[in-house]
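Numbers in my numbering are just positions in the sequence shown, counted from 1, shifted up by 706. What follows is a single structure, written as structure tokens, with notes after it.
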Amino acid sequence: MSSGKRVCVIGGGTSGLAGMVQLINEGIEVVCFEKEARVGGIFNWGEDKNGVYDSVILTISSMLMAFSDFPSDDAKYWTHEEYLTYLQDYCKKYELDKHIVFNTTVTKVELRADKKTWLVEATSTDGTKHSGVYDSVGA
Ligand SMILES: Cc1cc2nc3c(=O)[nH]c(=O)nc-3n(C[C@H](O)[C@H](O)[C@H](O)COP(=O)(O)OP(=O)(O)OC[C@H]3O[C@@H](n4cnc5c(N)ncnc54)[C@H](O)[C@@H]3O)c2cc1C
């Protein structure tokens, strides 16, 4: 059931993805802006060359890295590529992509005069401007 609330999530990294699922489960409308072309955040290594390096292996085992609502059958230390695949599978399970605006950077977050809602502005790489009002913003 819809709560009538609307939340903006900045970034489709580990935190943003897990947060989105919790919000959706609460019936909250979610819009996520992700500046890169795909999810994964720091583990989105590839074309975007984010902050990991080629030989990175996670320091926490897959049993603890996996979200409790999407446990893994693996019992190993994932490579960054395996973890990225896991996060992409998590998105598929919860159909998160339909809530994410990719290639779009949030440029402004401002508390509005009502002191209750937030104005969020973002710009896509193709020049499209986004402006919306949200009950809450998370990053
Ligand atoms: C080499 C290395 C190894 C690591 N190993 C582990 C590990 O084994 N276990 C572990 O738990 N943690 C590990 N970490 C820590 C890891 O960084 C965090 O667990 C995790 O990435 C945090 O997720 P996050 O979503 O908060 O941030 P990030 O992964 O940084 O995601 C942030 C997202 O926000 C997007 N974004 C940023 N600014 C904007 C904007 N203005 N508008 C739109 N989008 C924006 C980015 O593109 C990105 O997708 C490691 C980190 C590094 C660098």
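In this text, a Cβ means the ideal position worked out from N, Cα and C, and glycines have one as well. Since this is a predicted model, take the numbers as computed values, not measurements.
Taking the straight line between their C-alpha atoms, what separation do you get for E740 and D820? Your numbering for residue 740 matches position 34 in the sequence shown. Your numbering for residue 820 matches position 114 in the sequence shown. Near 27 Å, if we compare the C-alpha coordinates of D820 and E740.
Where G719 falls, given that 16 or more other Cβ within 10 Å makes a residue buried: Here the question's residue 719 lines up with position 13 in the sequence shown. With 16 or more other Cβ atoms within 10 Å, it is buried.
Taking contact to mean at least 3 C-beta pairs separated by less than 8 Å, is the stretch 812-829 in contact with the stretch 760-777? no
By the 10 Å Cβ neighbour count, where 16 or more other Cβ atoms means buried, how is M707 classified, buried or exposed? In the sequence shown, the residue the question calls residue 707 occupies position 1. The residue in question, M707, is exposed, as its Cβ has fewer than 16 Cβ neighbours within 10 Å.
In this structure, does DSSP put I763 in helix, strand or coil? In the sequence shown, the residue the question calls residue 763 occupies position 57. DSSP places I763 in strand when its eight states are reduced to three.
In DSSP terms, what H805 is bridged to: Residue numbering aside, residue 805 sits at position 99 when the sequence shown is read from its first letter. According to DSSP, H805 bridges with nothing at all.
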